[in-house]
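First residue of the sequence shown? That's 10 in the numbering used here, and the numbers climb one at a time after it. Positions of the beta carbon are idealized from the N, C-alpha and C atoms, including for glycine.
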Amino acid sequence: MSAPSQAPFTEWVLERLPGVEVLAGEDGRALATEAGGLYPIPGLDAPELLRLLSWVDGHRTVADVLRLAEEFLPADAEEVLRALVGRLLRRVGGDAGTASVGRDLGALAGALALPPRQGLRQPAVRSVAVLGGGTAGYLAALTLRRRFPDLQVSVIESPDVPVIGVGEATTPLLPAFLHGTLGLDIGGFFREVRPTFKLGIRFLWGRPAPYAFNYPFAAGRLEDALAHDGHLDGYCLPSRLMNTGKGPLVRFGEGRLGWMPYPFAYHVDNRRFVAYLQGVAEASGIERLRRHVVAVEKEDRGDPDGPTVTALVDAAGERLVFDFFVDASGFACRLLGGELGVSFSSFADSLPTDSALAFDTPREGQATPYTEAATLDSGWAWCLPQPESDHRGYVFSSAHASPEAAEAEVRRLFPQMGDPRLLRFESGRRHQAWRSNVFALGNAYGFVEPLESTALHMVVASIHLLVEHLPAAPWEPASRRQVNEHLGGFWDHLRDFLALHFRFNERLDTPFWRACRSRVDLGGAREALALYQERGNLSSQPHLLRFDSLWGDFGRDVLLRGQGVPAPPPRPRLSRKRWQSLQDKMTAVVEAALPVEEALAAVEREPELLRRLAARAPWLQDSAVGGFSRW
């Protein structure tokens, strides 16, 4: 097949990037690439293919899905696609043997694709109050305003509650949500919030120092890396970039710059981010009420869930009457817990930390393209780079270290650290997110420690569910049950995934880590762990386990392999010669990539780079493609 004409940057990248990708051609058609070859996919444009593959597979990006087909890779790209589609059919219960796979991929897509997304139902409620003006509250308000322009949306925030001034690490779901779902200008976001790029997490974890492993937002050739190199450093290009401090921008012929086709996330300063969201909300016509709520009025209106919240009363005695309430009041959970009595379920048996010290340190060296998670005596420490400093924190167990002892430990590591702020928390969730006419969001519903940077990820996922189920009738108990079951399962799955980090970290032999290795409850992760220990990497055997809607089988494999959890030996699919050739191609891209600070300076100098990214990157188009979440 002849390749259609492409922009020079696309040609340049395709010559160097290993593996299979999906791109949009200049005419909007979907294109598959493999080892530098570029092939149109008959009958599909890029958005259709993205939507189809996101729906039928639980992996994080379309690129991840297509990399699963690399085990089938013959020379002919159509054969690759045929094998891929057969695999996807099996995942959704179809019959690859009788389906019309052949060369008619367009017909197959028509048979599998979801019907066009219907417009959202118009809600019965006419006014919504968001109680709480933090990140979760403003993101909810902006989404409701955008999806339902006729809905009255108000944010009620106490003048006595300050914004928590810590850094926030995110997942690629947040950029997709901000710039795709909400349509917020990416250039304005970079100017006001000043984020840094995040390609993944670097774990100083698992084995004794100086060992570390990367957990990027990309799949790759895990088994080949383990078999040929004995470590994970080179299993995908983003991991190689993380090792060298490079970001997602590449300089190619004649000094031109372009983006790599890999998703990334942001490191943000929470104060700047909330201030930005406040400005966007006010410009969008969202009412902002600075009130201290002193009482809540309820009455029985026949809802099977029990009393309905009818009004909030502020310190001046004014009644604030709304039809529906989003409880974004943080750990206080003022409405769902305090007024409606929804109880809290602790995750302490699986997640043993309950305290954190947050502080800043001067930057030493270049900004990194990752969040760092480093093992310490009684917990672990995060580091996320900001333009002016590094935001750091020590997450620890109060049963194993006092705040004074924890501060002494980190001061030995970072003598120039600023004054720390102590945060107390309990990991867990409410038994329901939605009761009567109250929906809890963010910390008001659930919290887990930030080891996988999931706080805003879970907020975005919850907002999608809220918007899709906002009641079109006075009450819809079946919808509420569905949302509560879905969210509860999602949070429990996150708990189990995080528990794997604590149970198998053998980097230090301290009382805290010995207790973790002997006592941490793995919950629902036990089945996947047992299969992994019997069969090896589950990402290469996706039929063994129902798909993981949070991180995917591949993410779990990276975490377990990175910690050295025993499993059968890896089975490489490439010869050593082909593997080395692949690494050489990666090296060429890594050498041409810009360090993080140079990349940030480039987008400040050339704003058109960001506009081009927002217009062309499939992963930035809509955070709701394929349903609940893509990452």
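- Task: Give me the Cα-Cα distance between Arg544 and Trp389, rounded to the nearest whole angstrom.
- Result: 31 Å
- With distances taken from CA atoms, which of Leu619, Glu600 and His478 is nearest Pro132? His478
- Query: Is the CB-CB distance between Arg281 and Arg203 below 8 Å?
  - Reply: yes
- Query: For Glu458, does the count of other Cβ atoms within 10 angstroms reach 16, so buried, or fall short, so exposed?
  - Reply: buried
- Whole angstroms is fine: what's the gap from Pro380's alpha carbon to Gly209's? For the sequence presented, residue 380 should be read as Thr rather than Pro. Their Cα atoms are separated by approximately 7 Å.
- Length-filtered (3 minimum) beta strand (DSSP E) runs lying within the stretch 353–436: 353–355, 364–370, 379–385, 388–394, 399–405 and 430–433
- Task: State the start and end residues of the unbroken beta strand (DSSP E) segment that holds Tyr275.
- Result: Ala274 to Asp278
- Message: So, under 8 Å CB-CB, Ala274 and Thr362 are touching, yes? Tell me the CB distance rounded to an integer number of Å.
- Response: Between Thr362 and Ala274 the Cβ distance is about 22 Å, and since that is not below 8 Å, they are no contact.
- Query: By the 10 Å Cβ neighbour count, where 16 or more other Cβ atoms means buried, how is Lys586 classified, buried or exposed?
  - Reply: exposed
- Message: Tell me the residue span of the alpha helix (DSSP H) that contains Glu308.
- Response: Glu308 -> not in any alpha helix (DSSP H); beta strand (DSSP E) instead, spanning Val302 to Glu308.
- For Thr253, is the classification buried or exposed, using 16 other Cβ atoms within 10 angstroms of its Cβ as the cut-off for buried? exposed
- Can you tell me whether Ala414 is buried or exposed, with buried defined as 16 or more other CB within 10 angstroms of its CB? exposed
- Spatial distance of Gly561 from Ser354 (CA atoms): 25 Å
- DSSP beta-bridge partners of Asp238: Answer is none; Asp238 lacks a bridge partner.
- Query: DSSP on Ala464, reduced to helix/strand/coil?
  - Reply: helix
- Item | beta-carbon Gly311 near the ligand FAD non-hydrogen atom, thresh 7 Å | Looking at this structure, you won't find the ligand FAD or any other ligand, since it has none at all.
- Item | Rounded straight-line distance, which links the Cα of Gln287 to that of Leu568 | 37 Å
- Item | CB contact flag (Val605, Phe261, <8 Å) | no
- Query: Which two residues bound the contiguous beta strand (DSSP E) that contains Pro604?
  - Reply: Ala602 to Pro604
- Message: Between Gly239, Leu250 and Gln161, which has its C-alpha nearest Ala601's C-alpha?
- Response: Leu250
- Indicate whether Val492 and Leu182 have their beta-carbon atoms separated by less than 8 Å. no
- Counterpart residues of Glu263 in DSSP-defined beta bridges: DSSP output for Glu263 lists no bridge partner at all.
- Task: Report the three-state DSSP secondary structure of Thr70 (helix, strand or coil).
- Result: Note that Thr70 scores 36 on pLDDT, short of 50, meaning its location in the model is unreliable; the coordinates nonetheless yield the value given after this. Coil, per DSSP.
- Item | Distance between Asn446 and Leu191 (C-alpha atoms, nearest Å) | 24 Å
- Query: For Glu166, which three-state DSSP category applies?
  - Reply: strand
- Nearest-angstrom Cα distance between Gln589 and Ala382? 30 Å
- Query: Buried or exposed: Glu88, going by 16 or more other Cβ atoms within 10 Å of its Cβ?
  - Reply: Residue confidence for Glu88 is low, a pLDDT of 43 falling below 50, so the modelled location carries little weight and cannot support an answer.
- Message: For Glu296, report the span of its beta strand (DSSP E) as first-last.
- Response: Glu296 to Arg299
- Item | Secondary structure of Gly52, DSSP reduced to three states | In this predicted model, Gly52 has a pLDDT of only 40, less than 50, meaning its place in the structure is not dependable enough to derive any value.
- Message: Let me confirm a value: Ala16 is counted as buried when at least 16 other C-beta atoms fall within 10 Å, else exposed. Which label applies?
- Response: Residue confidence is low: Ala16 scores 37 on pLDDT, short of 50, so the model does not pin down where it sits. No coordinate-derived value is stated.
- Task: Put Gln161 into one of helix, strand or coil per three-state DSSP.
- Result: strand
- Task: Could you work out which residue in Tyr244, Leu213 and Gly215 is closest to Ala227 when comparing CA atoms only?
- Result: Tyr244
- alpha helix (DSSP H) segments (min. 4 residues) lying fully within the stretch 567–607: 585–601
- Message: Can you tell me where the beta strand (DSSP E) holding Gly209 begins and where it ends?
- Response: Gly209 to Leu213
- Buried or exposed: Val134, going by 16 or more other Cβ atoms within 10 Å of its Cβ? buried
- Using alpha carbons as the reference points, say which of Gly146, Cys392, Ser364 and Leu547 lies closest to Arg433. Ser364
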